[in-house]
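For reference, the structure discussed in these notes is given below.
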Amino acid sequence: AQRLWRRGGGVPLLLQRGDDAGGALVRRLAALDPSLTLEHALAHGSPALPGGSTFFLLCGLPRPPGARQARFLELLLPHMHLALQRISVGGERRAATRALSPREAEVLHWLREGKSNDEIGQILGISGLTVKNHLQRLYKLLGVSNRAHAVARGAAGV
1 AQRLWRRGGG VPLLLQRGDD AGGALVRRLA ALDPSLTLEH ALAHGSPALP
51 GGSTFFLLCG LPRPPGARQA RFLELLLPHM HLALQRISVG GERRAATRAL
101 SPREAEVLHW LREGKSNDEI GQILGISGLT VKNHLQRLYK LLGVSNRAHA
151 VARGAAGV
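Residue 39 in the UniProt record's numbering sits at position 39 of the sequence shown; the count goes up by one each step and never skips.
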């Protein structure tokens with residue numbers, strides 16, 4: 001499943017028993033436990049991050065997943081990734097090397113509110129490029145690679 005997901009560009013992957021490659025995988029999974037009524041699955045993962053990467057395969061869905069379910073999974077992935085890191089064996093929380101600066105905290109706040117770099121810049125009286133620089137430092141500090149993951153990790157207090 002992970003190989004298919006990577007080949008598909010790393011976006012949520014919808015698998016159904018009748019599909020070619022995805023169908024073969026669903027059939028193999030169903031063969032592992034014949035009591036399962038496994039017709040569809042949804043797969044998504046996170047890229048290799050400093051805290052590790054994760055891959056989720058959701059099976060036993062009551063109906064075929066669609067674009068809406070794939071989008072929800074895309075939004076939930078950073079939260080699922082953090083939750084799995086927290087509960088994994090030896091999953092001590094990755095401590096930030098330093099606390100956020102007041103400006104980084106402001107940028108993270110407006111990021112959480114869904115603002116673009118330019119909007120954050122206008123609010124804070126700085127350029128969009130300066131916001132981008134703050135975000136790059138935030139990503140490195142939090143051990144993340146995108147805005148959604150930064151918001152999730154920031155909300156988790158990591």
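Every residue gets a Cβ at the ideal spot worked out from N, C-alpha and C, and that includes glycine.
Proximity below 9 Å, CB of residue i to CB of residue j
i: Ser46; j: His109; result: no
i: Leu13; j: His44; result: yes
i: Leu42; j: Leu29; result: no
i: Pro78; j: Val144; result: yes
i: Arg27; j: Arg17; result: yes
i: Asp118; j: Gly128; result: yes
i: Leu100; j: Leu138; result: yes
i: Phe72; j: Trp5; result: no
Reduced DSSP secondary structure (H/G/I, E/B, other) of residue i
i: Leu100; result: coil
Same chain, Cβ closer than 6 Å to residue i, neighbours up to 5 away in sequence not counted
i: Arg112; result: Val151
i: Leu61; result: His40
i: Gly154; result: Leu108
i: Gly121; result: Ser127, Gly128 and Val131
i: Glu74; result: Pro12
Spatial neighbours of residue i in its chain, beta-carbon cut-off 7 Å, leaving aside the 5 residues before and after
i: Ala70; result: Pro12, Leu14 and Leu42
i: His134; result: Arg103, Glu104 and Val107
Neighbourhood of residue i by C-beta distance below 8 Å, restricted to the same chain and skipping five residues each side
i: Gly66; result: Leu14
i: Leu38; result: Arg17, Val26, Leu29, Ala30, Cys59 and Gly60
i: residue 159; result: What the structure shows of the chain is the stretch from 1 to 158, and residue 159 is not part of that stretch, so it cannot be assessed.
* To do: Within the segment 28 to 67, note down every full alpha helix (DSSP H) run reaching 4 residues or more, in order along the chain.
  => none
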